[in-house]
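Taken in order, these protein sequences are the chains called A and B. In terms of the numbering used here, the first sequence opens at residue 1 and continues consecutively. In terms of the numbering used here, the second sequence opens at residue 1001 and continues consecutively. A short write-up of the structure that comes next.
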Amino acid sequence: MSKKDRMSGNQAIALAIRQIDPDVIAAFPITPSTEIPQYVSAFKADGLISTEFITVESEHSAMSACIGASAAGVRAMTATSSAGMALMYEMLYVASSDRLPIVMAAVNRALTGPININADHSDSMGANNSGWIQIYSEDAQEAYDNMLMAHRIAEHEKVMLPVMICQDGFITSHGIENIEVEEDSLVKNFVGEYHPKKHLLNPKEIIGVGPYSISAYYYEMKMGQFHAMENARKVILDVSADFEKTFGRKYGFFEEYRMEDAEFAVLVMSSSAGTGKDAVDALREKGVKAGLVKLRVYRPFPAAELAEAFKGVKALAIMDKCDGLSGNGGPLGAEVRAALYGKTDGIKTINYVFGLGGRDIHVKDFFGIYDDLEALVKGESRPDCKHIGVREKR
Amino acid sequence: MAKENSMGNIHEKSPWQDITEGGFVYGPGNSVYFNTGDWRVRTPKWDPEKCRQCLLCFPVCPDSSIPVLESKRQDFDFGHCKGCAICAQVCPFGAITMGDAGEGADE
Ligand code: SF4
Ligand code: SF4
């Protein structure tokens, strides 16, 4: 029987870690993910977990230690945010090319420059081509649930890729919510044990990990990663379906909210989706056919499924909590437009950048977005990409 | 390196499906299949007349390129010697001299 308990997103992740009891955690404190290793070290001190907790001198070392542990054949985890993830950058690519199913609790925080500790997605978006599976959570419940699914996705023999489970810093990581918590034994049963086929500590089969790959091999190695990422699509859906069967909560690549007959849709990720859903409800009261899609799985990118979901809409707002400063909108905007191209060409789109460095987004901001979409459909012009919630001279 | 070895039979014509997952290398001692000696810019020359078989040179070679057979050093493994000259520095009897890349026994 699951029970209700109140906790923050960080506590929910820590609880999942206690229940999973991974073999190794290597982490370095960085706001707002600091609490996760802090709770883990308390569990360790209290004898609640058998995890080897490695305190390291940097995030580069944290990821390196995870790589060593995972190559040795055990379950390895870490937690980080912002500049910490940036310092891991080199090793993120090593983890994925070595095909090591490491799991990271990522607590999204604006990437430094200027320094800021609040939520946006510039940290994990910067790592969105690192070969990691990326799953985003709206609230503490989803952070907990996604973490319970992470190892089974990562360790699936057709995948063997690292996974990061993302949640918004402070908004989710430090906000207290009531969540459904599953029994330890049921979680252990669901997650299962990890028995890698190949690992460094197997005396019967000596292996080398992470060899230099000259141009005659590098491309073929990348092709292996490409196919693993492709395979992850089905595995994510299968594990999510088993999760629903076991614990009753349903997950897919994304959540569709009041999309059945929607004409005006918003695509958004993580905690801001909750605010958007309130706006949708209010607009529906007024007879506006508003809907919302919350993207959960960003890597692998569900391009075909998103195009299908938006088939019936007239206008779509794609919302990036990150300005890639690419000159071509935010990362999500560029990818969704590419996904729609040639499949659903009638849809008008606006790419919004919002919420940078923890700037709040309100229900009324979403009203403005749906207004823009309606105006666009009526033939008025709107920019391809728009920054909202920023002070500017008119 | 299209040779049958402990890694299976991975070579430069192998399709991606035949490359091990994560590029894992199975079985030790694969260096022997990779001739890296052609990187060498200077080549050591061994004078067996001057050599007293003291065996100070072979353990210092970073590339294990001085084979020893029945307690006697043999000529260099020029398939792997990088020409670093450490062995020539170590030899107390002047039995190793450094020449140009092309000199010495050829791989
Ligand atoms: S020159 Fe260097 S690499 Fe060559 S045999 Fe001597 S020590 Fe070894
Ligand atoms: S160090 Fe010089 S003398 Fe000694 S074994 Fe080597 S080559 Fe011969």
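C-beta: ideal position from N, C-alpha, C; glycine also. None of these values were measured; they are calculated from a predicted model.
Any C-beta of chain B under 9 Å from that of residue i
i                           : result
proline 211 of chain A      : yes
alanine 315 of chain A      : no
arginine 99 of chain A      : yes
glycine 113 of chain A      : no
phenylalanine 60 of chain A : Phenylalanine is not the amino acid found at residue 60 of chain A; the sequence shown has histidine there. Closer than 9 Å: no.
histidine 227 of chain A    : yes
Simplified DSSP assignment, three categories, for residue i
i                         : result
proline 1062 of chain B   : coil
glutamine 1089 of chain B : helix
lysine 1003 of chain B    : A caution first: lysine 1003 of chain B carries a pLDDT of 40, below 50, which makes its placement in the model too unreliable to give a value.
glutamine 134 of chain A  : strand
cysteine 1057 of chain B  : coil
tyrosine 1033 of chain B  : helix
proline 37 of chain A     : helix
aspartate 1100 of chain B : strand
alanine 76 of chain A     : strand
valine 266 of chain A     : strand
valine 1068 of chain B    : strand
glutamate 52 of chain A   : strand
lysine 245 of chain A     : helix
valine 187 of chain A     : helix
valine 288 of chain A     : coil
isoleucine 388 of chain A : coil
lysine 234 of chain A     : helix
methionine 147 of chain A : helix
methionine 160 of chain A : coil
proline 223 of chain A    : Here residue 223 of chain A is methionine; the residue named in the question, proline, does not match the sequence. Of the three classes helix, strand and coil, the one that applies to methionine 223 of chain A here is helix, per DSSP.
glycine 208 of chain A    : strand
alanine 71 of chain A     : helix
threonine 344 of chain A  : coil
lysine 44 of chain A      : helix
aspartate 320 of chain A  : strand
arginine 99 of chain A    : coil
Residue-level contact to chain E via CB, residue i, 9 Å cutoff
i                     : result
lysine 364 of chain A : Chain labels in this structure do not include chain E; the protein chains are A and B.
Contact with chain A by residue i, beta-carbon distance below 9 Å
i                          : result
glycine 1022 of chain B    : yes
tyrosine 1026 of chain B   : yes
asparagine 1035 of chain B : no
glutamate 1070 of chain B  : no
lysine 1050 of chain B     : no
asparagine 1030 of chain B : yes
isoleucine 1096 of chain B : no
Neighbour list for residue i in chain A, Cβ cutoff strictly below 7 Å
i                          : result
tryptophan 1016 of chain B : Glu220, Met223, Gly224
isoleucine 1019 of chain B : Tyr217, Glu220, Met221, Gly224
Proximal chain B residues relative to residue i, where beta-carbon distance stays under 7 Å
i                         : result
serine 124 of chain A     : Residues of chain B passing the Cβ test: none, with the nearest at roughly 23 Å.
isoleucine 207 of chain A : Phe1024, Val1025, Tyr1026
Any non-hydrogen atom of ligand 4 closer than 8 Å to residue i Cβ
i                       : result
leucine 1055 of chain B : Looking at this structure, you won't find ligand 4 anywhere; what it does contain is ligand 1 and ligand 2.
### Message
Three Cβ pairs or more, each shorter than 8 Å: is that satisfied between the segment 19-32 of chain A and the segment 47-61 of chain A?
### Response
yes
### Task
Give, in chain order, every residue of the segment 180-201 of chain A whose Cβ lies closer than 7 Å to some Cβ of chain B.
Lys198
### Query
Contact between the segment 327-342 of chain A and the segment 244-254 of chain A: three or more CB pairs below 8 Å?
no
### Message
Please list, in chain order, the residues of the segment 150-165 of chain A that have any C-beta partner in chain B closer than 7 Å.
### Response
Met160
#### Entry: Cβ contact (3+ pairs, closer than 8 Å) linking the segment 140-147 of chain A and the segment 176-185 of chain A
yes
### Query
Should the segment 1019-1030 of chain B be called in touch with the segment 217-228 of chain A, which here means at least 3 C-beta pairs below 8 Å?
yes
### Message
I'd like to know if the segment 316-328 of chain A and the segment 352-359 of chain A are in contact, where contact means that at least 3 CB-CB pairs between them fall below 8 Å.
### Response
yes
### Task
Inspect the CB distances between the segment 1033-1047 of chain B and the segment 1092-1100 of chain B and report whether three or more fall short of 8 Å.
yes
### Query
Just checking, does the segment 358-373 of chain A make contact with the segment 274-282 of chain A on the three C-beta pairs under 8 Å criterion?
yes
### Query
Three or more beta-carbon pairs under 8 Å between the segment 61-74 of chain A and the segment 41-51 of chain A, yes or no?
no
### Task
Please determine if the segment 1054-1061 of chain B and the segment 1028-1040 of chain B are in contact, where contact requires at least 3 C-beta pairs separated by less than 8 Å.
no
### Query
Contact between the segment 169-176 of chain A and the segment 8-16 of chain A: three or more CB pairs below 8 Å?
yes
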